[in-house]
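Residue numbers (full-length UniProt numbering), protein chains in the order written: chain X, 1 to 226; chain A, 1 to 103. Glycine included, every Cβ here is placed at the ideal spot set by N, Cα and C. Note that the structure is a prediction, hence the values are computed from the model and not measured.
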């Protein structure tokens with residue numbers, strides 16, 4: 001507990017970056033984390049080959065039939081199970097969602113991303129009815145500017161809020177350090193600030209996002225137990 | 001969160017408060033969950049794969065033709081049959097034995 005799935009049927013929305021940043025940050029602060037890489041391109045599995053000292057278990061050999069038992073096995077032994085889902089509408093995605101305590105839906109501030117994120121939201125809402133339990137979800141904006149929100153971004157955020165779609169306050173900003181995680185295949189704390197720009201700011205961003213997620217998870221757990 | 005900076009106690013303690021799930025796994029999602037997903041376009045993308053009886057070989061392979069005495073070949077073939085080994089598996093056992101100096 002908790003199982004946090006990162007889903008958006010659109011590719012390039014920032015799912016793997018969000019999952020990796022979240023998983024490695026939680027592990028850095030002492031959490032036991034399993035990250036299940038369901039992307040057929042296996043970006044996190046490739047990252048794990050880079051020799052990072054991060055104590056995070058990466059599992060990549062999952063299929064539509066094994067995703068549910070894999071999540072069930074990991075949730076019993078780890079504080080956090082992060083599931084990086086593929087950027088397509090598949091049964092793997094829907095099955096992982098049925099097992100999630102929180103679904104994070106990353107999206108860039110664009111109409112195309114918003115339309116695909118809406119598909120994930122619709123699926124979550126209908127699965128809630130079938131399973132007869134709440135599946136909490138939050139939109140996470142990715143690749144936004146850390147300085148000034150664009151007009152487009154403001155408009156989309158307002159539209160989501162008006163539709164009652166919850167959005168995380170913290171965005172995963174556009175930062176070279178986040179891209180460098182996949183280049184150097186290490187965690188943020190292991191990046192060389194001489195080689196990569198803006199590492200401290202990225203670390204601060206990652207910590208803020210992780211703190212918001214942990215607080216949300218703690219609140220949801222309390223609510224579920226009440 | 002830099003390498004030389006200790007993690008903040010506050011965040012670490014919040015993480016420590018989250019515990020692994022000790023409750024047994026919930027029952028498997030009902031088939032309706034897949035049906036709902038399909039209605040939303042979340043369909044099965046993996047076709048069922050036929051199981052392969054032979055394990056794939058992760059090493060370079062080559063082939064040799066052997067002309068041997070029928071009696072010797074019969075000993076080999078009878079052994080393969082008795083041990084239910086393919087020729088490749090049987091040859092592997094012989095090679096392992098040679099490496100160990102057992103023959």
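Look up residue 3(A) in the DSSP assignment and say whether it is helix, strand or coil.
Confidence in residue 3(A) is poor, its pLDDT being 44 and thus under 50, which makes the residue's placement too unreliable to answer from.
Tell me the start and end of each unbroken beta strand (DSSP E) in the region 97-150 of chain X that is at least 3 residues and wholly inside, in chain order.
Segments of the beta strand (DSSP E) lying fully in the region 97-150 of chain X: 102-107 and 137-144.
How should residue 51(X) be labelled, buried or exposed, when 16 other C-beta atoms within 10 angstroms of its C-beta is the threshold for buried?
Answer is exposed; the Cβ neighbour count stays below 16.
When we look at the beta-carbon of residue 86(X) and count the other beta-carbons within 10 Å, is it buried (16 or more) or exposed?
Label assigned to residue 86(X): buried.
Give the straight-line distance between the Cα atoms of residue 210(X) and residue 51(A), rounded to the nearest whole angstrom.
Whole-angstrom Cα-Cα distance: 42 Å.
Taking DSSP as the reference, what is the three-state secondary structure of residue 74(A)?
Helix at residue 74(A).
Please give the ranges of any alpha helix (DSSP H) in the region 137-214 of chain X, keeping only runs that are unbroken, at least 4 residues long and fully inside the region.
Correct list: 151-162 and 176-184.
Delimiting residues of the beta strand (DSSP E) encompassing residue 103(A):
No beta strand (DSSP E) holds residue 103(A); DSSP gives it neither H nor E.
Could you run through the region 67-79 of chain X and flag, in chain order, every residue whose CB is less than 7 Å away from some CB of chain A?
Listed by position, the residues of the region 67-79 of chain X near chain A (Cβ gap below 7 Å) are 68, 72, 75, 76, 77, 78 and 79.
By the DSSP assignment, the alpha helix (DSSP H) with residue 34(A) in it spans what residues?
Unbroken alpha helix (DSSP H) run through residue 34(A): 31-39.
Beta carbon proximity, residue 48(X) to chain A, threshold 8 Å:
Not an interface residue.
In the DSSP assignment, what residue or residues form a beta bridge with residue 34(X)?
Residue 34(X) is bridged to 57(X) and 81(X).
8 Å Cβ cutoff met for residue 196(X) and residue 180(X)
For residue 196(X) and residue 180(X), yes; Cβs fall inside 8 Å.
Under the three-state DSSP convention, the category residue 68(X) falls into
If DSSP states are grouped into helix, strand and coil, residue 68(X) belongs with the helices.
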